Every structure is written in C-alpha cells, then in structure tokens.
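Residue numbering for the sequence shown is 1 to 439, as defined by UniProt numbering.
First comes the structure, then the notes that go with it.
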Amino acid sequence: MSKNADLFKKRQNVVQEIIKTEHTYNMGLQMLNTLVTKKLLKSLDDKEFSLHYAELRKLFAKLIDVENFSRAFVEKLHTTIIANKNTKNIAEAFDGLKQLVDVYFEYIYAYHSNMPNIKTERTKNAAFSKLVEYFETNAKDTIEAFLITPVQRPPRYRLLLQELIKYTPKETQEYTDLNKYLQEIMQAIASVDDKIDVFDEYNKMCQLQSSVSDFDIIGVKGRRMYFQGPATKFSRKYTNNRYLAIFNDGLLVLESYMVINWKPNKFYKTGEYLIMDVADSPPFVNAIDVRQKDKSFRCNLEDSKAKVEFLQGFEKMMKANNLTRADLEVRGFAPVWIPDDQAPVCMECQKKFTLFFRRHHCRRCGKCICSDCFKNQIRIPGISESPKHVCNECYKELISRETELLEALTKRGPSQEQEKADDIDEDVPFVSALDQDSD
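The structure is reproduced here in structure tokens:
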C-alpha cells in the first residue's frame with residue numbers, strides 16, 4: 001500500500017469515527033429529551049407538579065437546544081460525506097461548529113449551577129424522581145451520566161479535528177480550512193473554560209462571603225479568586241488557625257470568629273507580599289512563607305494537594321497582574337522569624353537559652369540568636385533605611401556587599417553614584433552596644 005493510500009485510509013477511519021460518535025451522542029440526547037425533558041417541561045407548564053429548585057427547568061430546556069444543534073451537525077456530516085461518497089469536503093462540515101460550542105456554554109453554565117440540586121430534588125420530589133427512574137431503567141444508566149455528556153463534547157470535537165488534520169495532506173485547501181476551524185473551536189472552548197472558571201470562582205466566593213464578617217469579598221468588580229483554604233500559622237510562641245484566600249488584588253488572611261465564622265486578620269495588596277516554598281522539616285509540613293514588608297510568617301497548609309494549589313494560585317495571580325518573582329523580590333520583604341520553641345540554643349554560637357539568657361531574632365534572616373550575636377547593626381537594603389540588629393553572618397555579608405559596591409564605584413571614578421554610596425556609608429555606623437529592648 002502506498003503512503004498516500006495509507007494516509008487516505010486512516011483519514012477515512014477518523015471521518016467514520018466522527019460520524020459514529022456524533023450520531024451515538026445525539027441518540028442519547030434524543031432519548032433523554034423524549035423520556036424526561038419534554039415530559040418534565042409539559043408537566044411544569046400544566047402545573048401537574050412544581051420543582052423545589054426552579055432553575056432545574058433551565059438545565060433541561062438548554063438540553064433541547066444542544067440536541068437540535070447536534071442533530072444539525074449530524075445532518076451536515078451526512079450531507080458533506082455520505083452524499084458525496086467521499087471525504088473530499090469534510091472541512092465544510094465543521095464550518096459553523098464554533099456556534100455549536102457557544103450553545104454548549106449556555107448548557108454547561110446551567111449544568112454547573114444545577115447539578116448539585118438533582119439529587120436533592122429527587123429526594124424531595126416524588127413526581128420528578130419517578131420520571132428520572134423511568135428514564136434510568138430504559139437507558140440502563142444514571143441521568144447524571146447522560147447530563148454530563150454535553151459538558152465533555154466540545155473537547156472531543158477538538159481531539160477529532162486534530163486527528164483528522166494529522167491525516168490530511170498539508171498542501172491541500174482542506175488542510176488550511178480544517179486548521180482554521182480547529183483554531184475557532186479551541187478559542188471558543190478556551191472562552192467557555194474561562195467563563196466557567198469565573199462562574200465557579202464566584203460561587204465559591206459567595207460561599208466564603210457567607211462565613212466572613214467585616215470584609216466585602218464579592219462586592220469588588222472584576223475580583224478573581226485563585227485559592228482558598230485553612231492553614232496553621234506559626235508565630236514566635238504559638239500556632240493559630242487561619243484561612244487564606246488569594247485574589248487577583250490581594251491575599252486575605254482570616255482568623256476564627258464565633259466558632260463557625262471568620263473575620264479579617266490582614267489583607268495584603270498584590271505587589272506587597274511574596275509567597276515562598278518551604279521544604280518539609282517538622283513541624284513545618286506542607287509549609288509556605290508569606291513574606292511581607294513589615295512582618296512575615298510561615299504556615300502549614302492542610303495537605304500536599306492544598307500546598308500545590310496554593311502555589312499554583314499565586315502563580316496565576318502573578319500572571320494576571322503581569323508580575324514575576326523577580327519583580328517582587330527586589331522590593332524587599334521581612335524575614336520569617338524562627339519560632340522560639342524551634343531554637344533551644346543560639347543558632348550562631350550554640351549557647352543554650354535560659355530564662356535570663358534570652359532569644360533575639362536577626363532582622364534580615366529571622367534566625368534565633370543570643371544577645372552576644374545580636375550586637376551588630378546595619379542598614380538592610382529593601383527592608384529598612386535605618387540600622388537594624390542582625391546576626392554576625394548577615395552583618396559580614398552586608399558589609400562585604402557594601403565594600404564590593406564602593407570598590408566598583410571607586411574604579412569608575414567620581415560620579416553622582418559615588419556620592420550616593422558615600423552618603424550610604426556615612427548613614428550606616430557600626431553599633432557595638434546592644435539595644436536592650438527585647439524583640
């Protein structure tokens with residue numbers, strides 16, 4: 001068999017698969033609409049019974065639209081393929097399929113809104129339950145299995161088109177046309193996915209709003225939510241229950257309020273905080289750092305899945321705001337302080353802490369250190385313009401950086417930059433006397 005003949009045969013197989021699957025799919029829609037949808041809508045119109053969830057009517061009504069458009073697609077497939085006895089004009093069958101995907105969106109929207117109510121409606125409504133049971137007996141499957149098929153269909157069109165293009169000669173007009181229709185469908189599907197994501201997010205935000213006091217979650221126009229979930233926050237001496245929500249405009253930190261509710265603890269605007277991954281090291285498991293200008297903290301997420309979703313949510317937030325980690329890191333954030341109970345000895349000299357030999361925290365790296373290792377003060381770029389107490393290691397590193405900077409500027413010769421560097425040097429004295437105030 002020649003290469004072209006083999007290609008043509010594979011292409012014919014894909015075409016037959018398209019026809020067969022669409023026909024089978026459409027027959028399932030017809031069965032559901034005949035045995036359930038049309039009877040349901042007639043009974044509601046005749047007031048034979050009513051629904052506890054009135055929106056369910058919209059779900060089944062949209063199903064009739066989907067069936068009609070699918071039937072038209074089947075007829076178009078037959079016209080362009082079977083009637084012509086060949087596969088020459090297959091691309092014509094996909095012309096206008098984007099409009100079918102638009103109809104699917106209306107159904108998918110109703111599906112996401114109403115599916116949680118199907119089971120409850122069957123429990124509360126005997127007439128509705130009887131109608132569904134009759135269908136399931138004849139269909140030999142659940143109604144849920146049939147209702148989800150239109151949700152799964154648009155991605156199936158994309159896959160079939162991609163398969164068809166694979167076996168279509170590139171030099172033909174049909175190849176060009178198929179690629180055009182593929183791009184239209186992919187754009188339509190992406191639009192549907194985005195709209196469904198926004199819809200799902202809004203529902204989740206409404207649910208969260210119902211348990212949050214003194215903070216308007218859903219009233220901000222254009223707000224998107226990329227993560228929500230419980231967390232355990234570590235402070236110097238205690239752990240606290242928190243609830244975190246990443247929005248496109250900020251990070252909301254909630255604290256417990258009246259047992260079942262939450263109230264705002266902090267809201268960090270986008271660009272004013274940074275999320276850092278933390279390797280597991282008990283008690284820090286599934287942990288992340290929330291870095292902020294004035295005070296940062298570490299917390300454990302509920303499980304590894306929640307941590308992945310949290311980090312992905314932060315990445316989505318940055319993408320939505322055209323930010324990168326580099327953009328945020330240069331802004332400078334306070335370190336996360338090591339909890340007191342995690343440091344029985346000084347993390348520099350290893351001296352044991354006691355009631356009188358107290359802990360202090362380096363303002364640059366957050367390590368627990370003793371008073372002897374806490375004597376040095378220096379300006380910390382990006383964190384503070386005034387000198388802050390730092391550990392010996394951070395002090396040496398910062399001094400080294402300033403020295404390297406001054407040497408580099410000196411080699412360039414006198415300039416405005418040199419004058420600025422000299423000003424910095426004058427503003428950063430070495431302080432050997434320990435500030436006696438505890439952190």
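Where a beta carbon is used, it is the ideal one built from N, C-alpha and C, also for glycine.
It should be emphasised that the depicted structure is a prediction, and the values quoted were computed from it without experimental measurement.
Problem - Rounded straight-line distance, which links the Cα of F8 to that of M31 - result: Rounded to whole angstroms, M31 to F8 spans 35 Å at the Cα level.
Problem - Start-to-end residues for the beta strand (DSSP E) that takes in N240 - result: Per DSSP, N240 belongs to the beta strand (DSSP E) from T239 to F247.
Handout entry: Status (buried if at least 16 other CB within 10 Å, exposed otherwise) for E426
Key = For E426, the predicted model reports a pLDDT of 42, less than 50, meaning its position is unreliable; a value from the coordinates is still stated below. E426 should be labelled exposed.
Exercise for the section: Kindly indicate which three-state DSSP category K130 falls into: helix, strand or coil? Expected result: helix
Exercise for the section: Using the Cα positions of G28 and Q228, report the straight-line distance between them to the nearest angstrom. Expected result: 38 Å
Practice task
Work out the CA separation of K375 and L398 for me, nearest whole Å.
Solution key: Approximately 15 Å between the Cα atoms of the pair.
Exercise for the section: Compute the minimum distance between the beta carbon of L131 and the heavy atoms of the ligand FMN, and state whether it is under 7 Å. Expected result: Absence of the ligand FMN is noted for the structure shown, with no ligands found whatsoever.
Practice task
Using a threshold of 8 Å, state whether the C-beta atoms of V198 and V101 are closer than that.
Solution key: no
Handout entry: Contacts around I64, its chain only, beta-carbon distance under 7 Å, and the 5 residues preceding and following it disregarded
Key = N33 and T37
Practice task
Measure the Cβ-Cβ separation of N241 and V253 and say whether it is below 8 Å.
Solution key: no
Practice task
Run the CB neighbour count on K388, radius 10 Å, all protein chains shown included, and call it buried at 16 or more, exposed below.
Solution key: buried
Problem - Cβ-based burial, G366 [other Cβ within 10 Å; buried from 16] - result: buried
Handout entry: Buried or exposed (CB count within 10 angstroms, at least 16 for buried), V308
Key = exposed
Handout entry: Sequence-distant residues of its chain with Cβ nearer than 6 Å to K10 (five each side left out)
Key = Y167
Problem - G313 - containing alpha helix (DSSP H), residue span - result: S304 to A320
Handout entry: For residue 443, the three-state DSSP class (helix, strand or coil)
Key = In the structure as shown, the chain begins at 1 and stops at 439. Residue 443 is therefore absent and cannot be evaluated.
Practice task
Would you kindly report the start and end of the unbroken beta strand (DSSP E) that includes M225?
Solution key: It spans M225 to F234 - the beta strand (DSSP E) in which M225 sits, taken as one unbroken run.
Problem - Whole-number beta carbon distance between C299 and A231, since they are thought to touch under 8 Å - result: So it is a contact: roughly 4 Å between Cβ atoms.
Problem - For Q115, the residue or residues it bridges with in DSSP - result: Looking at the sequence shown, residue 115 is not Gln but Met. For M115, no pairing in a beta bridge is given by DSSP.
Practice task
Give, in chain order, every unbroken run of the alpha helix (DSSP H) that is at least 4 residues long and sits entirely within the stretch 126-178.
Solution key: 126-139, 143-147 and 149-166
Exercise for the section: Take the Cβ of M205 as the centre, count every other Cβ of all protein chains shown within 10 Å, and call the residue buried at 16 or more, exposed below. Expected result: buried
Exercise for the section: Let me know the secondary structure DSSP gives R291 once reduced to three states. Expected result: It is a strand residue.
Handout entry: For R359, the three-state DSSP class (helix, strand or coil)
Key = coil
Exercise for the section: Report all residues from its chain with a CB closer than 6 Å to the CB of G313; omit the five preceding and five following residues, and keep chain order. Expected result: Taking G313 as the centre and dropping the five residues before and after it, the same chain places the C-beta of Y226, F227 and I246 closer than 6 Å to its C-beta, in chain order.
Problem - N-terminal and C-terminal residue of the alpha helix (DSSP H) that E329 is part of - result: That run of the alpha helix (DSSP H) goes R325 to E329.
Handout entry: 3-residue-minimum beta strand (DSSP E) runs that sit fully inside the UniProt domain "FYVE-type" (340-399), ordered along the chain
Key = 377-380 and 384-389
Problem - R369 vs M347 beta-carbon contact at 8 Å - result: In the sequence on display, residue 369 carries Ile and not Arg. It is a contact, given that the beta carbons lie within the stated cut-off.
Practice task
Identify the continuous beta strand (DSSP E) that holds D216 and give its terminal residues.
Solution key: Note, D216: premise wrong, no beta strand (DSSP E); not H, not E.
Exercise for the section: Compute the Euclidean distance between the alpha carbons of K269 and D249, then round it to the nearest angstrom. Expected result: Cα to Cα, the separation comes out at about 6 Å.
Practice task
Below 7 Å CB to CB, which residues in the same chain sit around V151 once its five sequence neighbours on both sides are set aside?
Solution key: I108 and Y111
Handout entry: Spatial distance of R158 from A139 (CA atoms)
Key = 27 Å
Exercise for the section: Could you check if S304 is buried or exposed, using at least 16 other CB atoms within 10 Å of its CB as the buried criterion? Expected result: exposed
Exercise for the section: Output yes or no for whether 8 Å exceeds the beta carbon distance between A334 and D294. Expected result: yes
Handout entry: Terminal residues of the alpha helix (DSSP H) in which K42 lies
Key = K38 to D45
Practice task
Would you kindly work out how many angstroms separate the C-alpha atoms of P169 and E92, rounded to a whole number?
Solution key: 16 Å
Practice task
Mind checking which residues open and close the beta strand (DSSP E) that includes G250?
Solution key: G250 to Y257
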